[in-house]
Amino acid sequence: MAGKTPPDDGNKSSARHAASELDRAKAGKWFERANEFATQKRYDSAIEYYVNGLGFWPDAVDEGLRPLHVSGVLFKQTGGKKPGLRDSMKRSMTAKDPAEALQNALWLFGHDPDNAAYVEGLLKNANGMHCDDLVLWAVGVFRKLLDGDKKPNVKRYKLLKEVVEETADRASDRGEIAFAISVLEAGVEALSGLARRLPRDREVETTVRDLSTKLTIVRGRYQDAGSFRDSLQDEGAQFDLHDQDRIVQDEHRHDDLIAKAASEYEAAPDEPGTLKKYVDLLLRREREEEEVRAIGVLVEHYKRTEKYSTKQWADDVYMKQLRRAVRDAQKGGDDEAAAQARSKLLNFEIKVFKERHERYPTDLRVLFEYAKRLFSFRRYDDAIPLLQRARSDPKNRDQCALYLGRCFYKRQLYDQAVETLQQAVSEHEIADDAVGKDLLYWLGRAQEARKSWTDARKVYGRLLQMDYNFRDVRDRMERMPAG
101 MAGKTPPDDG NKSSARHAAS ELDRAKAGKW FERANEFATQ KRYDSAIEYY
151 VNGLGFWPDA VDEGLRPLHV SGVLFKQTGG KKPGLRDSMK RSMTAKDPAE
201 ALQNALWLFG HDPDNAAYVE GLLKNANGMH CDDLVLWAVG VFRKLLDGDK
251 KPNVKRYKLL KEVVEETADR ASDRGEIAFA ISVLEAGVEA LSGLARRLPR
301 DREVETTVRD LSTKLTIVRG RYQDAGSFRD SLQDEGAQFD LHDQDRIVQD
351 EHRHDDLIAK AASEYEAAPD EPGTLKKYVD LLLRREREEE EVRAIGVLVE
401 HYKRTEKYST KQWADDVYMK QLRRAVRDAQ KGGDDEAAAQ ARSKLLNFEI
451 KVFKERHERY PTDLRVLFEY AKRLFSFRRY DDAIPLLQRA RSDPKNRDQC
501 ALYLGRCFYK RQLYDQAVET LQQAVSEHEI ADDAVGKDLL YWLGRAQEAR
551 KSWTDARKVY GRLLQMDYNF RDVRDRMERM PAG
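Structural data, given as C-alpha cells:
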C-alpha cells in the first residue's frame, strides 16, 4: 500500500493520510478494471481489484469503498465463499505494517461485508493510518451492523466512540471543522441507537451525553467551548461559526459570510472543508444566481481535480433547479410550460444517472434511479433487467417491484405483472403507506387487464378500506363486469 504512515507535514499527530496524484492514477486503473468485472458479475475478481486499488488510495470512498461493499454483498448473495480460519490467519488485521493490516481488513470485508469483526479491523487500521474519509464511511457501515445485532455489543460501540473522537480531534486540529462535525454526528447517531436499546444503562447514557456535548462545542454553540473555542483567534471567528449555523440570517451578514468563504476557498482550494463551506453558503438561500455560481465553482473544481463526487454535487444542484422550474410552471397553471420543464428535467436526469451507472455499475441505488428514468421514457425493455438487479437492495426492494410490475403491465405481460406485484404486496411491511397502496392499485389494474374480475374486485376493495378516495378505484369497480 502506498504511503505506509501518515505524511509528516509539521503536525504529524493530526495529519491526514495523503495519496499522491500518481497513486490515485494507479488506483483509478485498478478501479476501472474492477468495475468491468462487477458488470460481468465476476464479483470475486472485482473485490480483488477494488482492494488493490484501495491499497494505493484507501480514502477513495466513491471510487473504491462503496463499490467494494456492493460487490461484497452481491458476492455473498450469489453463493460466494466466506473467508475461513486460514484466510484470517494469512491476512492478519493486526500485522505490524499498518498498511498491510488495513489492506487485509479490506480483503476480508470485501468477501464477508456483514462480519462486524472485519469492519472493526477496518476502523482500527484506518484510524491508525489517519485515513479519515475511510473512517467516516466505515463508521456508518459499522453502526448498521451493530444495530442489527440481537444483543448489543457494548465493547464495539466503545471502540466506535474512541475512533470517532480521535478522528474528530485530528480534523479540528487541522482546521477541518465541517469534517469534524460530520464524524461526531455519525458517532452520536450510533451511540444514541445503543442508548435506545439500553435505556437503563447509565454508562451508555453518560457516553452519549459526553459525545453530544463535544459535538455541540465543535459546532460553536457554547460560550465555554473548551479547547476548540480556545483555538479560535478572535471573537470574529466565533461570530462566523455561530452565524453559519443559523437558518435565518441577516442578508448583509450572509453576504459577508459568502465573501469570506470565497476568499478562504481561493486561498486553499485543496483544503478539505473550504469547498463545502463555500458552496453550502451559496446554496442556503436558494437563489438561482447563487446556485448558478455554486455550480460553476463545483464544475471548475471537478475539472481541476477530477473528483467525481464534486460533479455529482453540481448535477444535483442543477436537477433541483429543474424540479423547482416544474413546480413553478404547475403553480402558474401553464400546462405547456410545465410539460417543457418536465421534459428538460427528464432529459437531464436520464443523462446524469446513465453516467453514474456507467461509473458505478454495482451501485444498486444508482441503478434504481437510472431504471426509473428509463421507465419515464417508456423504455420498458431496458428498465426491466435493471430493476430486477436493483431489487437486491433492501432499501428499494418494494419500489423496484412496483416499477417492475408496471413495466410488465405496460408490455402487456399481465401474468408476470400480477405475480411480481402479489409477491411485493405480501412482503411489504406497511400496507397502507404510499408504496403499499400503489402496489395494490397496480396489482388491481393488472388483474383487471387480464380479466380476473373477482381478484381485481378484492384488491380494489382492500384499497377502498384504506383510502376511499384513492385515485379512480371507485370508478373502476363500478365499470367492472360482474363475475
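Mapped onto our numbering, the consecutive letters of the sequence shown carry residue numbers 101 to 583. We put the beta carbon where it would ideally sit given N, CA and C, even for glycine. Everything numeric in this text was worked out from a predicted model, so none of it was measured.
Compare the beta carbon distance of residue i and residue j with 8 Å and say whether it is the shorter of the two.
i, j, result
"Arg-274", "Ser-114", "yes"
"Arg-243", "Ala-290", "yes"
"Val-426", "Leu-445", "yes"
"Arg-142", "Asp-463", "no"
"Ala-524", "Gly-544", "no"
"Met-193", "His-117", "no"
"Leu-294", "Tyr-257", "yes"
"Leu-284", "Val-239", "no"
"Leu-208", "Pro-158", "no"
"Pro-198", "Val-173", "no"
"Leu-202", "Ala-217", "no"
"Leu-222", "Lys-261", "no"
"Glu-449", "Gln-421", "no"
"Leu-259", "Glu-200", "no"
"Leu-168", "Gly-128", "no"
"Tyr-480", "Lys-510", "yes"
"Ala-429", "Ala-441", "yes"
"Lys-537", "Asp-572", "no"
"Pro-252", "Arg-302", "no"
"Phe-477", "Cys-500", "no"
By DSSP, does residue i sit in helix, in strand, or in coil?
i, result
"Ala-271", "helix"
"Tyr-143", "helix"
"Ala-429", "helix"
"Ala-582", "coil"
"Trp-553", "helix"
"Ala-118", "coil"
"Tyr-365", "helix"
"Pro-198", "helix"
"Gly-396", "helix"
"Lys-377", "helix"
"Thr-178", "coil"
"Phe-448", "helix"
"Ser-443", "helix"
"Pro-252", "coil"
"Asp-416", "helix"
"Leu-298", "coil"
"Phe-570", "coil"
"Ile-530", "coil"
"Tyr-514", "helix"
"Gly-184", "coil"
"Ser-476", "helix"
"Glu-215", "Before going on, a small fix: residue 215 reads as Asn here, not Glu. Reduced to three states, the DSSP call for Asn-215 is coil."
According to the neighbour-count rule (16 or more other Cβ atoms, all chains shown, within 10 Å of its Cβ), is residue i buried or exposed?
i, result
"Arg-124", "buried"
"Ala-582", "exposed"
"Gly-432", "exposed"
"Gln-140", "exposed"
"Ile-147", "buried"
"Arg-191", "buried"
"Gln-565", "exposed"
"Ser-171", "buried"
"Gln-177", "exposed"
"Thr-554", "exposed"
"Arg-473", "buried"
"Arg-270", "buried"
"Pro-299", "exposed"
"Tyr-460", "buried"
"Asp-533", "exposed"
"Asp-232", "buried"
"Leu-487", "buried"
Hey, out of the options, whose CA is closest to residue i's CA?
i, options, result
"Phe-279", "Leu-236, Pro-581, Leu-311, Lys-258", "Leu-236"
"Glu-458", "Leu-122, His-117, Ala-134, Arg-557", "Ala-134"
"Glu-163", "Lys-251, Leu-174, Tyr-150", "Tyr-150"
"Ala-546", "Leu-564, Gln-522, Glu-366", "Gln-522"
"Met-580", "Tyr-568, Ser-443, Tyr-560", "Tyr-560"
"Asp-584", "Val-535, Lys-377, Glu-548, Ala-531", "With the chain covering only 101 through 583, there is no way to say anything about residue 584."
"Asp-416", "Glu-200, Ala-438, Val-379, Glu-436", "Val-379"
"Glu-121", "Phe-508, Glu-469, Arg-404", "Arg-404"
"Glu-519", "Ala-534, Trp-542, Ala-471", "Trp-542"
"Val-264", "Leu-422, Thr-307, Pro-252", "Thr-307"
"Leu-383", "Ile-358, Pro-213, Glu-371", "Ile-358"
"Val-466", "Lys-181, Ser-492, Arg-442", "Ser-492"
"Glu-529", "Arg-550, Ala-517, Asp-498", "Asp-498"
"Ala-483", "Lys-495, Pro-494, Phe-453", "Phe-453"
"Glu-305", "Glu-266, Ser-363, Val-254, Ser-443", "Val-254"
Do we get a CB-CB distance below 8 Å when we pair residue i with the residues of chain C?
i, result
"Glu-265", "The structure shown contains no chain C; it is built from a single protein chain."
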